[in-house]
Every structure is written in structure tokens, then in C-alpha cells.
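Written out below as C-alpha cells is the structure these notes cover.
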Amino acid sequence: MYLFKQVKVENDMILIGKPKPEGLANLRQQGYQKVLDIMPAALKDKGLARRVRSAGLSYLHIPVESCDLESCHLEDDWVVRFFKYLVRHGQEPMIINTDDETLGISLVLLSGLFLEGKPYQEVFRSVKTLGISLRGRKDIKRFIRDFYTHYKRKRIV
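Under the numbering used here, read the sequence shown as residues 1234 to 1390, first letter to last.
Right under this line is the structure:
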């Protein structure tokens, strides 16, 4: 199994990376219940859903990575679906299938810290604490700031 990072925020336990097929059953035994696939449809592993379900885990595809974060809109379906999913299922151990570890970690931390009422700067600090650099990732920084500005007075859940 090839995994980038394990992110633990409060009681959340989320693995971010790409699990190998033979590792899925082992992950189920470790208590992981869900795989959230954020790969764009064009790069989606066509057999992943079947392998995940046959290992006894649930599977959901929300193509977060299909947006380059520069052209996406905060009201886009994937933004709302992704954050609602993390809010509803964040306390359950899950795997986020992605090639972009920095994006995956940033989005997970954003969802948790936003709901706790923490400022967006705390997302940047938390990402750095995990040993991930946002240097050169203006897209992620802009998205996080815009997300806070846009949803600060709205309810996303």
C-alpha cells in the first residue's frame, strides 16, 4: 500500500494517498471504513470502486482534483459535496484517494478548523506542522482564504 500521510485532527483519522489493491482489506481490519476518491474523472482508477467495495469499505467519488482551484467557484457542486461529506463522516476513519498530498491535507484541515471557528491562518500553520510546505501553492492558499470569506456567514452543512 502506498500512502502519503496520516492526518489526525481531534478524533478524525484520515489517510491521504493511493492505497494499493492488496492493502485495502488490511485497512478495513485497521478500522478504516470509507474511501473518498477526489481524482478527476479522466484520471480515475476505473476498478477502484469495485476493489474498495469487495474489501468491505464504502466508496464515493467527488472529483475535487478536476478543478485547478484557480477557475473553480466556491458554489461548485464538488466544493459543497466534499465539505458536507467531511462534516458528516469526518469522525469515521477514512482514506482519501489522491495524487496531490498537499491538496488533500489542506482540504481536510480546512474542513475541521473552519467548523471549529479557527481563522484561516490556523490552516496554514497546521499544514506546516505536519511537515507540508505551501510554498508555490498559491492556488491552495487563495482557495482557503476565499473559502473562509465566502462561507463565514453561510452554513455549509
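Where a beta carbon is used, it is the ideal one built from N, C-alpha and C, also for glycine.
Non-local C-beta neighbours of Leu-1293 in its own chain, meaning closer than 8 Å and more than five positions away in sequence, comprise Lys-1267, Val-1268, Leu-1269, Asp-1270, Tyr-1318, ordered along the chain. Under a 10 Å Cβ-count criterion, Thr-1362 is classified as exposed, with fewer than 16 other Cβ atoms of the shown protein chains found around its own Cβ.
Residue Gly-1264 holds the alpha-carbon nearest to the alpha-carbon of Gln-1324 among Gly-1250, Gly-1264, Pro-1296, Ser-1359. The three-state secondary structure of Gly-1256, taken from DSSP, is helix. Val-1268 is bridged by DSSP to Tyr-1292, Ile-1328. In the three-state reduction of the DSSP assignment, Ile-1365 falls in the coil class. Straight-line measurement puts the Cα of Val-1356 at about 15 Å from the Cα of Tyr-1384. DSSP places Arg-1370 outside both helix and strand once states are collapsed to three, so it counts as coil.
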